[in-house]
Structures are given as structure tokens and as C-alpha cells.
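Its first residue numbered 151, the sequence shown is counted upward by one per residue in my numbering.
Just so it is clear, CB atoms sit at the ideal spot from N, CA and C, and this is done for glycine as well.
Predicted model, so just to flag it, every value in this text is computed and none were measured.
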Amino acid sequence: MILLQVFIPCHRYVRVPKWLTFVGYVPWATLVGVALGFTPMNPIKALRWSAVINDVISVVHHGDHDADGGAARHQGRLVITRRLKFLDWLCMGMMALAVFAMFMMSGA
151 MILLQVFIPC
161 HRYVRVPKWL
171 TFVGYVPWAT
181 LVGVALGFTP
191 MNPIKALRWS
201 AVINDVISVV
211 HHGDHDADGG
221 AARHQGRLVI
231 TRRLKFLDWL
241 CMGMMALAVF
251 AMFMMSGA
């Protein structure tokens, strides 16, 4: 079994099997997508919910990268400036506001 070092959000390097990394994820996601094609699921509703999930996850992912971009322990001497950090967090706040508005307007 091939093991790769992967950096996970808790800021530790962990050795994981290759099939759990992005390289291994693509074939599994493709098989799941093909299998979903044979279900009676409405493809437009599935597309909408995949967009909703993507929007929610992107805010969390963006916040994690914002925290890493200003940390010298991760970036070394290539940390972002205060102005860029402010604009980055502002953009993430706008994304979070858009996700909040999306949930409020959907009636969920």
C-alpha cells in the first residue's frame, strides 16, 4: 500500500493511503457520479444541492487558508501583508454573508 504525507486542517502531517488522497478520490467520485446517473434523482435538484454544499464548504476552506497565509510557521518569510490579509478576511466575510443570505432566502 502506498502512503503519502498529507497536511490536514489540524496542522499536522499524517501518512495516509494513496486512495484517500486527491489522486485516489477522483476515480471514486467518478464511480459515484456514474452510479447516481442510474437513480431516479432529479438532476437539477442534485446540481442545486451540490452548489449549496460547495458554497458552504468554500467559506470554511477559505478561512483555513486565510489563517495559514498570515502564519509565518506555515509560510516562512512569504506571509501576506496586513492590507492583503484584511482584504482576504473581508472577502471571506462577504462569502459567509452570501451563504447566510442563501439559507435565509431558501426558507430552510
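By DSSP, does residue i sit in helix, in strand, or in coil?
i, result
"Gly219", "helix"
"Ile152", "Reliability of the predicted coordinates at Ile152 is poor, the pLDDT of 45 falling under 50, and the value obtained from them is presented with this limitation in mind. DSSP places Ile152 in coil when its eight states are reduced to three."
"Leu181", "helix"
"Phe157", "In this prediction, Phe157 scores a pLDDT of 46, lower than 50, which makes its location untrustworthy; the coordinate-derived value is nonetheless stated afterwards. Note: Phe157 maps to strand in three-state DSSP."
"Gly226", "coil"
"Asn192", "coil"
"Gly213", "helix"
"Gly174", "helix"
Determine the extent of the alpha helix (DSSP H) in which residue i is found, giving its start and end residues.
i, result
"Phe114", "No information on residue 114 is available, as it lies outside the stretch 151 to 258 that the chain covers here."
Review point. Can we say the segment 214–222 touches the segment 235–252, given the rule of at least three CB pairs closer than 8 Å?
Key: The segment 214–222 makes contact with the segment 235–252; the number of CB pairs closer than 8 Å reaches 3 or more.
Check your understanding: Do the segment 198–210 and the segment 246–253 touch if we need at least three Cβ pairs shorter than 8 Å?
Key -> As far as the Cβ criterion goes, the segment 198–210 touches the segment 246–253, which means the pair count is three or higher.
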